[in-house]
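**Q** Residue numbers (my numbering), protein chains in the order written: chain A, 1 to 150; chain B, 1001 to 1150; chain C, 2001 to 2150.
Glycine included, every Cβ here is placed at the ideal spot set by N, Cα and C.
These figures come from a predicted structure and were not determined experimentally.
There's a structure below that I have some questions on.
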Amino acid sequence: MVEWLSVGSAPVFNGCCALLCLEMVALAFVTPLLRVKRNVWLNEEDARRYAGTVADVEHRDVARVIRVHRNQLENFVPFFALGLLWIASGTSSRVGAALFVAFTLARSAHLLFYLSRMGRLRTASHTVSFIVLLILAGGVLWSAIGGPRR
Amino acid sequence: MVEWLSVGSAPVFNGCCALLCLEMVALAFVTPLLRVKRNVWLNEEDARRYAGTVADVEHRDVARVIRVHRNQLENFVPFFALGLLWIASGTSSRVGAALFVAFTLARSAHLLFYLSRMGRLRTASHTVSFIVLLILAGGVLWSAIGGPRR
Amino acid sequence: MVEWLSVGSAPVFNGCCALLCLEMVALAFVTPLLRVKRNVWLNEEDARRYAGTVADVEHRDVARVIRVHRNQLENFVPFFALGLLWIASGTSSRVGAALFVAFTLARSAHLLFYLSRMGRLRTASHTVSFIVLLILAGGVLWSAIGGPRR
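Below you can see the structure in the form of structure tokens.
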């Protein structure tokens, strides 16, 4: 077995990442379906294929899904990087597992709130994931400097 | 040597990731060159520098390259995360290697089909990479729950 | 301790990643604040909440921060992937550490130059990070093929 997988928080991290990736993959799947429905296209070859309209800006509904997707992606990237380095640098496994679960719940909630146009709850869930990223970054930075080991 | 590199699929994964990253870096290199050619800019300081036009939306040709880039990025991120965790959690090395190669071929084809405006083939290659991501996510989730080890 | 963390360049890499992630998280924090100030919204529920304007394209100032963010993200992803695989495949630790620091400095400079609208310096710093990514990709590819070990 891989060394850092023996750390207790690793399977939790793996499960969280798999779920978050599935959510992103699902969003990438929904986008073209919605584009077919709205029939507004940025690529001329698609507009021709579906006898739709060419535009320079996505249809509003499609643009929303793309924003959600971008938001998930730009939060998942630091989460994955920092989470992996948190585990690899042997920072607290229990705190790690709790943070990973909190992030995944907050992000999944954010996704639902964004799609169902609930602005305040969207902001609240975003704040939770934001704080988790700050803690993760702090922990990784701290252990890189050599803090917790001395 | 690193533990998880002794797993047979790791060098394959590394090579695939390096290639996919080079493709993304190449796209990031092409975008400003094309912007100079079309001379439409979103940043006023660039428009001044090249005596071009300021706009709120990218020139259509530039926007296409940016979409390709975004598409590569939003597919590479889950691929890298899930591929790494697939290897780290010791899931089948042979299946892994096959999936990594299939994904890389599908994504490289997608890139070419997108730039050469071939809509149907683009969709087909996207579907292949989509299925690979689903399998990778399933494998990582399964091994996180503890499935294959019991 | 994790195997690949004993490689000398790993703490440098961890610190660099943590800093770059913090920069991205800060950009994600600034964007909504600036949106509140400009009061132009893409989501109708937000426009209603703040009694602002709905638009299909972001306010120019907000769009700039989003472009910076996107640029940081699309450079961080290959950096993180290639840096991790560089360390994991046991490629030179000293060269690695130097490259990681160079990338982080170049990217942080790029961020500042972009926000302060200094086009030429922005391009220069982008070029540095671009070259680092090429070297990292070359090293990972080389070691995946088996070059340095034979």
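(1) From the beta carbon of methionine 1024/B, is the nearest beta carbon of chain C less than 8 angstroms away?
(2) Should the stretch 1084-1097 of chain B be regarded as contacting the stretch 2089-2096 of chain C, the criterion being three or more beta carbon pairs within less than 8 angstroms?
(3) In terms of residues, what are the limits of the alpha helix (DSSP H) holding alanine 2028/C?
(4) Counting Cβ pairs, one atom from each stretch, are 3 or more of them under 8 angstroms apart for the stretch 2027-2039 of chain C and the stretch 113-120 of chain A?
(5) Measuring only the C-alpha atoms, how far is asparagine 2071/C from arginine 2048/C?
(6) Please list the terminal residues of the continuous alpha helix (DSSP H) segment that includes valine 101/A.
(7) Quick one: give me the first and last residue of the alpha helix (DSSP H) that alanine 1055/B is part of.
(8) Which chain C residues sit within Cβ distance under 9 angstroms of isoleucine 145/A?
(9) Is leucine 141/A buried or exposed, if buried means 16 or more other CB atoms sit within 10 Å of its CB?
(10) Leaving aside the five residues before and after valine 2128/C along the sequence, list all residues of the same chain whose C-beta is less than 7 angstroms from its C-beta, in chain order.
(11) Around the Cβ of valine 2012/C, are there at least 16 other Cβ atoms within 10 angstroms (buried) or fewer (exposed)?
(12) Leucine 121/A: which of Val132/A, Val30/A, Ser108/A sits nearest, CA to CA?
(13) Can you name the residues of chain B whose CB is closer than 8 angstroms to the CB of alanine 28/A?
(14) For a quick check, are the C-beta atoms of cysteine 2017/C and alanine 81/A less than 8 angstroms apart?
(15) Start and end of the alpha helix (DSSP H) containing leucine 2121/C?
(16) Counting only C-beta atoms, is glutamate 2058/C closer than 8 angstroms to chain A at any point?
(17) Where does tryptophan 4/A fall in DSSP's three states?
(18) Looking at C-alpha atoms only, which residue of Gly8/A, Met24/A, Ile131/A, Leu19/A is the closest neighbour of phenylalanine 1076/B?
(19) Exposed or buried, what is alanine 2137/C when buried is set at 16 or more other beta-carbons lying within 10 Å of its beta-carbon?
(20) Nearest to proline 2078/C by alpha carbon, out of Ala1144/B, Cys1021/B, Asn1014/B?
(21) Identify, in the order they occur along the chain, each residue of the same chain with its Cβ nearer than 7 angstroms to the Cβ of valine 2030/C, setting aside the five sequence neighbours on each side.
(22) For leucine 42/A, decide whether its Cβ has a neighbour in chain B, counting only Cβ atoms nearer than 8 angstroms.
(23) Taking a contact to mean a Cβ-Cβ separation below 8 angstroms, would you say alanine 1055/B touches leucine 1042/B in this structure?
(24) Of the choices Leu19/A, His59/A, Phe130/A, whose alpha-carbon is the least far from that of leucine 33/A?
(25) What are the residues that DSSP puts in a beta bridge with tryptophan 1041/B?
(26) Here's the rule: buried if 16 or more other CB atoms are within 10 angstroms of the residue's CB, otherwise exposed. What is threonine 53/A?
(27) Does the beta carbon of phenylalanine 1080/B sit closer than 8 angstroms to a beta carbon anywhere in chain C?
(28) Please confirm whether arginine 117/A has its beta-carbon closer than 8 angstroms to some beta-carbon of chain C.
(29) Check the C-beta distance from glutamate 2074/C over to leucine 1019/B and give it rounded, since I have them as a contact under 8 angstroms.
(30) Quick check on glycine 90/A: does DSSP put it in helix, strand or coil?
(31) Can you name, in chain order, every residue of its own chain whose Cβ lies under 8 angstroms from the Cβ of glutamate 44/A, other than the five neighbours on each side?
(32) Is the beta carbon of serine 1009/B sitting closer than 8 angstroms to the one on isoleucine 1087/B?
(33) Between aspartate 2061/C and chain A, is any beta-carbon pair separated by less than 8 angstroms?
(34) How many Å lie between aspartate 1046/B and valine 1068/B at the Cα?
(35) Is there a C-beta anywhere in chain A that falls below 8 angstroms from the one on valine 1140/B?
**A** With the given structure in hand:
(1) yes
(2) The answer is no - the stretch 2089-2096 of chain C does not touch the stretch 1084-1097 of chain B, with fewer than three Cβ pairs under 8 angstroms.
(3) For alanine 2028/C, the enclosing alpha helix (DSSP H) stretches over residues 2009-2038.
(4) no
(5) 30 angstroms
(6) Segment 93-115, the alpha helix (DSSP H) holding valine 101/A.
(7) For alanine 1055/B, no alpha helix (DSSP H) encloses it, and the DSSP letter there is neither H nor E.
(8) Pro2011, Gly2015
(9) Buried.
(10) These residues qualify, in order along the chain: Ala2102, Ala2106.
(11) buried
(12) Ser108/A
(13) The answer, in chain order, is Glu1074, Asn1075, Phe1130.
(14) yes
(15) Residue range 2119-2145 is occupied by the alpha helix (DSSP H) that includes leucine 2121/C.
(16) Not closer than 8 angstroms to any Cβ of chain A, the Cβ of glutamate 2058/C fails to qualify, so no.
(17) Per-residue confidence for tryptophan 4/A stands at a pLDDT of 47, beneath the threshold of 50, marking its modelled position as unreliable; no derived number is given.
(18) Comparing Cα positions, the closest option is Met24/A.
(19) buried
(20) Cys1021/B
(21) Val2065
(22) yes
(23) yes
(24) For the residues Leu19/A, His59/A, Phe130/A, the minimum Cα distance to leucine 33/A belongs to His59/A.
(25) Val1054/B
(26) exposed
(27) yes
(28) yes
(29) No, glutamate 2074/C and leucine 1019/B are not in contact; Cβ-Cβ is about 17 angstroms, not under 8 angstroms.
(30) Glycine 90/A: coil per DSSP, three-state reduction.
(31) Val54
(32) yes
(33) So no, aspartate 2061/C is outside the interface.
(34) 23 angstroms
(35) So, interface residue.
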